[in-house]
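Working notes, beginning with the structure itself.
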Amino acid sequence: MNHSPGENEAETTEPMRYLSKTEMAAIETELLTDYRFGQQQLIEIWGHACAVAITKAYPLSSLTKKQPTVLVICGPEQNGAIGLVCARHLRIFEYEPTIFYPKRSPDNLHQDFTIQCEKMDIPFLSYLPTEVQLINDAYNLVIDAIVGPEIDLKDVREPYSGILVTLKQVKIPIASVDVPSGWDVDEASKDGINPEVLISLTVPKKCATSFTGKHFLAGRFLPYDMQKKYELNLPEFPGTDCFIEL
């Protein structure tokens, strides 16, 4: 939707909102029911936008290892599915992703995304090395798509709690999808991992107010009347980009 310059100026005078878990769930429900977005459609939009943001944060030319290797760790819920889509698009962008997906979801959508990755010859790890140096030596970066805002921290058990212990020790950069795994969605967290990059989806979550690394907002599709209804005050994306660095 096009807006007059005056309208845009009025919108940008207010700071961007950071949403609670409850508010974000309400927006997603409205997208699925009132606006008739499909779950697969949303996950594809988010996963593609994440991959594009990764190419901005870590261009192929900046990677230090001989091969442009990326480790994508996927959880069992929606964030994990977004990670699968992100990996597929990174492969198209000529990165070399490897996926660790320890507990595969029985959900048909997740199975479809998994098969798409397998058909593109993206390798899946059968286990994550506990020897951290093996991860540091094999990959340029890790994409954390483990625990999204849809999961309560109290429900994070093995193998994911052990994975988080390992990720806290790696020396290569970590880029987290939407919420750094181990962080409480609604407040700053000291117990989770410490990513170099955070890619917030649609609208940043409240925990991101304490994030000090490189922060991207990805997913440029939210209907304008929803933005207005929730008083989101989203920034203006450059050109036709599907992400913006905050």
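Counting in UniProt numbering, the sequence shown runs from 1 upward without gaps.
For every residue, glycine included, the Cβ atom is placed at its ideal position computed from N, Cα and C.
For the stretch 207-220 and the stretch 49-60, state whether three or more C-beta atom pairs, one from each stretch, are separated by less than 8 Å. Yes, the stretch 207-220 touches the stretch 49-60.
Bridge-paired residues (DSSP) for Ile244: By one-based count along the sequence shown, residue 244 stands at place 244. Beta bridge pairing from DSSP links Ile244 with Leu217.
Which residue marks the beginning of the beta strand (DSSP E) containing residue 247, and which one marks its end? In the structure as shown, the chain begins at 1 and stops at 246. Residue 247 is therefore absent and cannot be evaluated.
Leaving out five residues on either side along the sequence, give the residues of the same chain with a beta carbon under 6 Å from the beta carbon of Ser20. Translated into the one-based positions of the sequence shown, residue 20 becomes position 20. If you ignore the 5 residues before and after Ser20, its C-beta comes within less than 6 Å of the C-beta of Asp186 and Lys206, all in its own chain and listed in chain order.
Work out the CA separation of Ile73 and Ser62 for me, nearest whole Å. Taking the first residue of the sequence shown as 1, we reach residue 62 at position 62. Taking the first residue of the sequence shown as 1, we reach residue 73 at position 73. For Ser62 and Ile73, the distance between alpha carbons rounds to 22 Å.
Could you tell me the distance, in whole angstroms, from the CA atom of Arg220 to the CA atom of Ile122? Stepping through the sequence shown from its first residue, residue 220 is reached at position 220. Stepping through the sequence shown from its first residue, residue 122 is reached at position 122. Using only the alpha carbons, I get a separation of about 27 Å.
Does the beta-carbon of Ser200 have 16 or more other beta-carbons within 10 angstroms, so that it is buried, or is it exposed? Taking the first residue of the sequence shown as position 1, residue 200 is located at position 200. Looking at its Cβ environment, which holds 16 or more other Cβ atoms inside 10 Å, Ser200 is buried.
Own chain, CB closer than 8 Å to Glu96, minus 5 neighbours either side, in chain order: Reading the sequence shown from its first residue, position 96 is the one you call residue 96. Gln67, Pro68, Thr69 and Val70, listed in sequence order.
Going by alpha carbons, who is nearest to Ile43 out of Val85, Ala53 and Tyr58? What you label residue 43 is simply residue 43 of the sequence shown in a count that begins at 1. It is Val85 whose Cα lies nearest to the Cα of Ile43.
Anyone know if the C-beta pair for Pro102 and Pro159 falls short of 7 Å? Taking the first residue of the sequence shown as 1, we reach residue 102 at position 102. Taking the first residue of the sequence shown as 1, we reach residue 159 at position 159. A distance below 7 Å separates the beta carbons of Pro102 and Pro159.
Is the number of C-beta pairs between the stretch 113-127 and the stretch 136-150 that are closer than 8 Å three or more? No, they do not touch.
Give the straight-line distance between the Cα atoms of Gln133 and Glu23, rounded to the nearest whole angstrom. As a working note, residue 133 is residue 133 in the sequence shown. As a working note, residue 23 is residue 23 in the sequence shown. Going by the C-alpha atoms only, they are around 40 Å apart.
Ala138 (DSSP reduced to helix, strand or coil): Your numbering for residue 138 matches position 138 in the sequence shown. Ala138 falls in the helix class under three-state DSSP.
Considering only residues of the stretch 99-124, which uninterrupted alpha helix (DSSP H) runs meet the minimum length of 4 residues and lie entirely inside it, listed in chain order? Secondary structure remark: continuous alpha helix (DSSP H) runs of at least 4 residues inside the stretch 99-124, in chain order: 108-119.
Rounded to whole angstroms, what's the CA-CA distance from Leu222 to Thr202? Just pull it up for me. Against the sequence shown, residue 222 aligns to sequence position 222. Against the sequence shown, residue 202 aligns to sequence position 202. Take the alpha-carbon of Leu222 and the one of Thr202: they are about 7 Å apart.
DSSP state of Glu9 mapped onto helix, strand, coil: On the sequence shown, position 9 is the one that residue 9 refers to. Because the pLDDT at Glu9 is just 43, under 50, the model does not fix this residue reliably, and the point stays unresolved.
Tell me whether Thr33 is buried or exposed, calling it buried when 16 or more other Cβ atoms sit within 10 Å of its Cβ. If you number the sequence shown from 1, residue 33 lands on position 33. Thr33 should be labelled exposed.
Going by beta carbon distance, what residues of the same chain come within less than 7 Å of Pro15, once the five residues before and after it are set aside? The sequence position of residue 15 within the sequence shown is 15, counting from 1. Once the five neighbours on either side are set aside, the close Cβ partners of Pro15 are Asn233.
Taking all protein chains shown into account, decide if Tyr139 is buried (16 or more other Cβ within 10 angstroms of its Cβ) or exposed. The residue you call residue 139 lines up with position 139 of the sequence shown. Buried, by the Cβ-count rule.
Where do the ends of the beta strand (DSSP E) carrying Ile174 lie? On the sequence shown, position 174 is the one that residue 174 refers to. For Ile174, the enclosing beta strand (DSSP E) covers residues Ile174 to Val177.
I think Ala57 touches Ala175, with their Cβ atoms under 8 Å apart; what is that distance to the nearest whole Å? Here residue 57 is taken as the residue at index 57 of the sequence shown, counted from 1. Here residue 175 is taken as the residue at index 175 of the sequence shown, counted from 1. The Cβ separation is near 6 Å, so the contact holds.
According to DSSP, residues forming a beta bridge with Lys65: Counting from one through the sequence shown, the residue named residue 65 turns up at place 65. Note: Lys65 sits in no beta bridge, so no partner.
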